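Under my numbering, the sequence shown is numbered contiguously, ending at residue 167. Glycine included, every Cβ here is placed at the ideal spot set by N, Cα and C. What you are looking at is a predicted structure, and each value in this text was computed from that prediction instead of being measured. Down below is the structure, laid out as structure tokens.
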Amino acid sequence: DLDIDFQAYDSSLKRIAINRRESYGTHTFTVKESGVYKFCFSNKFSKLTSKTVFMDVYVDDGVYTDDKAAEEGASLHAGFTSLHKQVDNIKSQLFKTQVQLQLSKAQRNKDQKIQNSNKIRVDRWSMVQCAFMVLMATVQVYLLKQLFKEDKTAKRQAKI
């Protein structure tokens, strides 16, 4: 019941990504031109329930080098370029790890919201059931008292 539709459009309003009824996921696509992009999230197939959407946009241009430092490093030592590539790779991996951590936090927040909603629903239903049990116990006590209650008029007629 947490499904949503997702669509992404480029600057010429051409659809570049579409996902239907996704409950959780990441959407990755390659942009070929710069411009304004449009992201659409839809809940139109399920109008009775509300949804919470967490959205982060990460732009990865694939370039993690400092040109000036790379030129100086090449002139100083040939091995520096290899080290520089390794550092760039570590930067890239750290960035991806940060993205996954933020996605994990968003998932945890969503799960906590669902858990709180379910707890409130269970608590209310339990209160209704407790009230019904107290009412039924009262009715049963009343009926038992009525069953064993002596009729005073019947007693008087028996004495005569």
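Look at the Cβ atom of residue i, then the Cβ atom of residue j, and state whether they are nearer than 8 Å.
i	j	result
valine 43	isoleucine 11	no
alanine 15	phenylalanine 48	no
At the level of alpha carbons, what is the spacing between residue i and residue j?
i	j	result
threonine 104	aspartate 118	21 Å
arginine 28	valine 94	39 Å
lysine 98	threonine 37	20 Å
leucine 101	lysine 92	14 Å
leucine 154	valine 148	10 Å
valine 106	tryptophan 132	39 Å
histidine 34	isoleucine 25	9 Å
serine 124	aspartate 130	10 Å
leucine 151	cysteine 137	21 Å
serine 41	threonine 88	30 Å
lysine 120	valine 135	23 Å
valine 141	serine 111	45 Å
tyrosine 71	lysine 21	Only weak support is given to the placement of tyrosine 71: the predicted model assigns it a pLDDT of 49, under 50, and the question is left unresolved by the model.
methionine 143	lysine 156	20 Å
Classify residue i as helix, strand or coil using the three-state DSSP reduction.
i	result
tyrosine 149	helix
lysine 156	coil
lysine 45	strand
asparagine 50	coil
Could you pull out every residue in the same chain whose Cβ sits closer than 6 Å to the Cβ of residue i, ignoring the five residues on either side in sequence?
i	result
asparagine 50	Ile11, Lys58
isoleucine 23	Ala15, Asp17, Phe36
alanine 113	Phe61
Let's see if you can read the secondary structure: which residues bound the beta strand (DSSP E) around residue i?
i	result
aspartate 12	11 to 16
Within the same chain, show all residues whose beta-carbon is closer than 7 Å to that of residue i, passing over the 5 residues directly before and after it, in chain order.
i	result
aspartate 63	Gln109
arginine 128	none
arginine 115	none
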